[in-house]
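Heads up, the final residue of the sequence shown is numbered 1245 in the numbering used here, and it's a clean run with no missing numbers. Let me begin by presenting the structure, written as structure tokens, before commenting on it.
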Amino acid sequence: MAARASCVESSSFVVSDGDLAPFQSEGLLFSAGAELGSLQPGGEPFRRCSSKLRALSGSGGAAVKTELNLLLDELLSHNYSLQNSSHSITAQDVCVVLVHASRLVPHSQEHLVIKLCQLIHQLLNQLQVIVDEQTLYTLVLYCTRALRTCSSWTHSEILLALSSLVYGNGPRCQQHLPELIGQNGVLLNYGDPSQTDIELRRSALHCMANLCLGVPGHPYLEEFYKGVCYKIFLQTLQSPKPSNVEDVVFCALLQSALKGMQYFLNGAKWKATPDQDLGSLLALLKKYMFHGLPGINVEMPKVLYPAPLPQYETVPAAKAEPAQDAPAQRKTSAAQQNKKRKSRGKGKKAKAEGKTDGGPEEGDDDEEPISVPVRSGGGGGAGRGEGRIGWPQTSTHLTMPLQPGAAPQFYPTWKKSSSDSEFSDPEGGMQSKLRLYQARVRQSALQCFLAVVKSVEKRILYGYWSSFIPDAPGIGSPPSLTLLTIALKDPSPKVRAGSLQVLSALLEGSRQFLSAAEDTSAPRQAFTPFSATLAASLRELHRCLLLALLAESSSQTLTQVIKCLAHLVSNVPYNRLRPGLLSPLWKQIRPYVRHRDVNVRVSSLTLFGALVSAQAPLPEVQLLLQQPIQSMGPGTSGGATPQELSLSWRQPGRRERDPNLPSPSGTSVEGVLDTPCWLLQLCVALVTLPREEPYSDSDAAGSTGGVLEPSPVRLEALQVLAHLVKGYFALTQTSLLELAQLSARCLREQDPSVQLHGAKLLEELGTGIIQQYRADANTSKSASTVPVSQVVQFWSEVLTGPLIGALQNDQHPTLQTSACDTLSSILPQAFSQFPDKTQVLCITILLGLTYSENSLVKAAAVRALGVYILFPCLREDVMFVADTANAILTVLDDRSPNVRAKAAWSLGNLTDTLIVNMETLGLEFQEEVSDMLLLKMLTSATQASGDKDRVKSNAVRALGNLLHFLQSMHLRKPAFEQPLQQAMRALIDTVRGDATMKVRWNACYALGNAFRNPGLPLGTASWSEEAYAALSTVVTSCKNFKVRIKSAAALSVPATRDRYGDTRQFAEVWCALAKALEHSEETEDFLEYRYCTSLRTELCHALLHLLSLCQLDDLATVQASLSSQSKPALQGFLVHYLSDVALLSKPEDISGEDAGDHTEPRDRLKELDQAVSRLKELEGEVRSDSKSDLETVKMFLEDVLKSCERMKASDGLDASVMHINSPQLS
């Protein structure tokens, strides 16, 4: 933890940031006005002075005092940051000098105390020194005692040194915290709002902020002391400006409080307490987000509530804005001119931010670089409409504000021209300085808000959505103050960028919340539902961000606008909104791909990637992609935008009309584009063609050999291509071979990132082809499937290219991993047509990579083998099956959980193949599989079933398949006896355990799979009772209905009565199924209701199956359940099961695990017929003690049949079919 001052530094080495410089007393500071650049390097002088200083002792009297004074002056006169790179001054040297100096300078010599404190700050700040525990203790103790004993005029410098010492070291100052921020602590006294000395108050807040600063990986300040600091920060922000305090001084105080609040929020997750109310904090942050913003003068509510509350709105008079607007413009212009004159001799302060309007922050604001990292997140706002201002009513049409003359009220204030200044140069300088400090307050408030978004749960922030995100502008109502107000109106580009960072953070991860938006249905007149309100808010977000995109000229802020749009597009449910939101954005973002700034170009491509991957395929995006290149030009948009003219510094469309690429000629008869879509052409050109014009200086760092586009642009273009192929494969399949050549070119390059993206593009192409060939793929009706011959040609070029080299490149394991994933995306039909040597090459490489030392490569290789084992051309090859099994079993013991999870998945696929081969090839294949290999697989799968849930879910699937595959010849061998019992007990324990529902579902399925093996001693083995008991418990008590369904299905698998065990065991199964059916509508989770019908279907099937197998001794149990209160419920469910098809789940509603769990209606009559036939058979065996039981069961079934016929008749259906096909009981 570096004990250093704030990252916001001024040009003077004496103060911690630019805000302190104006408030220092010049008579107290040594070289207070010295520029940092004028100081001399201090490496060698420091060693000389430190040697002299360490030689001094405190007993020398006046001579020592004089010498000490001179040494301190000389130490302060050097610039130590110039020597930082050479490490000539060590942290130990600094600690020794400062500790020794603190022993030589008594608190009574206040002028020496001042110089020592200046030296502490200068050394720690410039050298970024990490002081040791003892030095920290000694110097903090020295400063604390100095605050108690020295005169008040010294306290400002003492607090400055203290702030440098405690920066990020709060937990290490534990012994001093009671004296600093405990009860009556010195920092609390100075930081209290009642403190009249604003400079001391500001310095104390700065110290408290540095105490709250936490370093990742290290302890944070104790909650009690953090709460004390939070209270002081909050009180400072809530306190009004004293009348005798200048605005600039008050801004510096606010900035320190906001910085402290930011450090407090960064420490940990937000915990709501009575003293820490989120609504109060958000209200303050919203207030200071608009602090000093020209044209904004409105009272904010003291608390924001997570609900629309109109009583907290404060609407000023609508006439106020025009009166303030013109002077504000003129002042801004004068400040710009004055700033340009002042910045000519300032060197680094005159750097431009890429902004052509020259705002007041363009020079001075560079002293305070934005410290918030560029990040995205999601979230909300609160009470709708509070703090509205009287702006003129505006139109919501997107194209209205594009020309400044068309809608001047929307053109940002900072973009308007102004007349000559109405005040003199000195006055203009003060106004510019005030606006600079006000902008810093707004920026600090936004940084603090960003910290709130990171520390508060999103579900809580969503309640405040409407306080920070605009709604659709109402007719006659003024617009509300939101983050978009700042993005459009603030004159500072850094503040505008800060608001966009917060908005991005609110939008990130908001997909679930925004999924409630919907406006496709007809509007309601009586009330506006939340879905429509949220949809209107999203439309307004699109409109305002598009305005910001068109108005912004600062490259850094423009990048943030485009990134924010990308986050918005990634989370908005466009399939639930009326189309038309993306077309204006699509049209306006295209010129920025040719922007001079590389960051703008990269973010523009990121936005295109979001557009083609959002809920793909979207019909609106599909139409935009299909438009010819000529129709996408600026000339079709009704005139170029103000920025578009300056952005078109390249020849428009030159890349798209490159002679090496096919020219657009329309679409084919089937609707597939004959030529690549323009976005595909653009991305290919960005990756392959040399850049056409000189770029800005920001491109230099990312250039590749000075010929091609910068690496970030090329990588983003490749990523857009991958998204395009994944979401809109039908529009890219005409360029299949061209994209293969592009990927091969990328794999041949030296840049590993380019190679990686090339491999990823290949994987997406292979996956898109597979999706077309799957029976359940939702392929576009107008798209034709890629012929297998073309697929073979595609992969032949790939496999004869650099992909094999990438697979064998041990120096880049990430590339090897991606190449393995690419191999796994080969179409099985195409693989079967490969030459034998090509097939062997792929298999050999994958088998070899399972022994890689890198876990990612090993996991990808074993997963690819798990895909290959399902290929029809490979699964019947016993040698390949054996080699793959041995490789999987070896990897299954890996120490990496991810590798074991992939191996277990592949083992499950391999055992699926065993079952398929057993059913298709029969006994011949089973005999060819080695007993030793089967035993090893059974043992390894049993062991893996006790692993983590990721491994366990597929391990139990493999166990079920293996237990189904084993034949009597295997089971009779002593070597299989114990592994068999261990495998069954592993499945039973998994069903009973507390694993995830997916694992338990797989375990129930595995037991049902094992029950299908007639060779297993089911019903007689010791584990049979436990297996039935586990399934019976789950079918009646599991909260997850899908697990219940699979357990009921397993209980209905045994084909003969003896496999259910004795009468008691049969009775337990029957009672469990009957109880589960009776209570099948009872659940605590509403989401489970959608599976009720499927569960009842499976339970009814199982009960009828048991009736078809029952014996005389079992009738007593059946009769008991039918004679109890359960009879009406059971009868009703059976009637619906047999007759009411409308209650059955539709086939399209059944997917994944539910598929195959349902029987057809005609099969159900057969089930009933089998049950009736069994009862007839029992009539010949009936005894006197069981006759009444048999009659009760027969009467029950007769009632079920009659009810079915009545239901059919009442529904107007053909009951004769039911009557003819129904079994007769008499």
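Yeah, the Cβ is synthetic: ideal placement off N, Cα and C, and Gly gets one too.
{"Query": "In this structure, what does DSSP give as the bridge partners for residue 604?", "Result": "According to DSSP, residue 604 bridges with nothing at all."}
{"Query": "Please classify residue 727: does DSSP put it in a helix, a strand, or coil?", "Result": "strand"}
{"Query": "Taking the CB atoms as reference points, tell me whether residue 773 and residue 710 lie closer together than 8 Å.", "Result": "no"}
{"Query": "Mind checking which residues open and close the alpha helix (DSSP H) that includes residue 807?", "Result": "807-818"}
{"Query": "Which same chain residues, not among the five before or five after residue 157, have their C-beta less than 7 Å away from its C-beta?", "Result": "118, 121"}
{"Query": "Would you mind sorting residue 203 into buried or exposed? The rule is 16 or more other CB atoms within 10 Å of its CB.", "Result": "exposed"}
{"Query": "Helix or strand or just coil, what does DSSP make of residue 295?", "Result": "strand"}
{"Query": "Any chance you could list the alpha helix (DSSP H) runs of at least 4 consecutive residues sitting entirely within the segment 472-544, in chain order?", "Result": "477-480, 484-487, 502-508, 512-526, 530-533"}
{"Query": "How far does the alpha helix (DSSP H) with residue 950 in it extend, from its first residue to its last?", "Result": "950-963"}
{"Query": "Can you check the segment 120-200 for any beta strand (DSSP E) of at least 3 residues that lies completely inside it and give the ranges in chain order?", "Result": "none"}
{"Query": "So the candidates are 231, 262, 846, 310; which of them puts its Cα closest to the Cα of residue 247?", "Result": "231"}
{"Query": "Taking only the alpha-carbon atoms, compute the straight-line gap between residue 793 and residue 909 and give it to the nearest angstrom.", "Result": "32 Å"}
{"Query": "Let's test the definition: count the other Cβ atoms within 10 Å of the Cβ of residue 161 and tell me whether it reaches 16, buried, or not, exposed.", "Result": "buried"}
{"Query": "On a Cα-Cα basis, can you pick out the residue from 1156, 1200, 1203, 1204 that is closest to residue 1220?", "Result": "1156"}
{"Query": "Based on the DSSP output, what are the partners of residue 709 in its beta bridges?", "Result": "727"}
{"Query": "I need the DSSP call for residue 967, collapsed to helix, strand or coil.", "Result": "coil"}
{"Query": "Whole angstroms are fine: how far does the CA of residue 214 sit from the CA of residue 80?", "Result": "38 Å"}
{"Query": "Decide if the segment 1144-1154 is in contact with the segment 1205-1213; the criterion is three or more beta carbon pairs, one per stretch, under 8 Å apart.", "Result": "no"}
{"Query": "Pick helix, strand or coil for residue 937, following the three-state DSSP scheme.", "Result": "helix"}
{"Query": "Roughly how many angstroms lie between the CA atoms of residue 163 and residue 66, to the nearest whole one?", "Result": "28 Å"}
{"Query": "Going by beta-carbon coordinates alone, are residue 1006 and residue 994 separated by less than 8 Å?", "Result": "no"}
{"Query": "Considering residue 881, what are the terminal residues of the alpha helix (DSSP H) in which it resides?", "Result": "874-887"}
{"Query": "I'd like to confirm something about residue 906: is its beta-carbon nearer than 7 Å to some heavy atom of the ligand ZN, or not?", "Result": "Although the ligand ZN was asked about, the structure shown includes no ligands whatsoever."}
{"Query": "Spatial neighbours of residue 1223 within its chain, please: CB distance less than 7 Å, with the 5 preceding and 5 following residues excluded, ordered by chain position.", "Result": "1154, 1157, 1158, 1237"}
{"Query": "Once DSSP output is grouped into helix, strand and coil, what is the label at residue 985?", "Result": "coil"}
{"Query": "Which of helix, strand or coil does DSSP assign to residue 203?", "Result": "coil"}
{"Query": "Could you tell me how far apart the beta carbons of residue 99 and residue 142 are, in whole angstroms, since I believe they sit closer than 8 Å?", "Result": "6 Å"}
{"Query": "Can you confirm whether the segment 1047-1056 touches the segment 1078-1094 when touching is taken to mean that 3 or more C-beta pairs between the two stretches lie within less than 8 Å?", "Result": "yes"}
{"Query": "Quick check for students: name the residue ranges of the alpha helix (DSSP H) that lie wholly in the segment 1171-1225, counting only runs of 4 or more.", "Result": "1180-1198"}
{"Query": "Ordered along the chain, which non-local residues of its own chain (more than five positions away) have a Cβ less than 8 Å from that of residue 992?", "Result": "950"}
{"Query": "Of all the options 1193, 907, 953, 1023, which has the alpha carbon lying nearest to the alpha carbon of residue 13?", "Result": "The structure shown does not extend to residue 13, since the chain is modelled only from 20 to 1245, so the question has no answer here."}
{"Query": "Which residue wins for smallest C-alpha separation from residue 979, given the options 1010, 966, 988, 969?", "Result": "1010"}
{"Query": "Take the Cβ of residue 1199 as the centre, count every other Cβ of all protein chains shown within 10 Å, and call the residue buried at 16 or more, exposed below.", "Result": "exposed"}
{"Query": "Helix, strand or coil: which one does DSSP assign to residue 1227?", "Result": "helix"}
{"Query": "Given that a residue counts as buried once 16 or more other Cβ atoms are within 10 Å of its Cβ, and exposed if not, what is residue 490?", "Result": "buried"}
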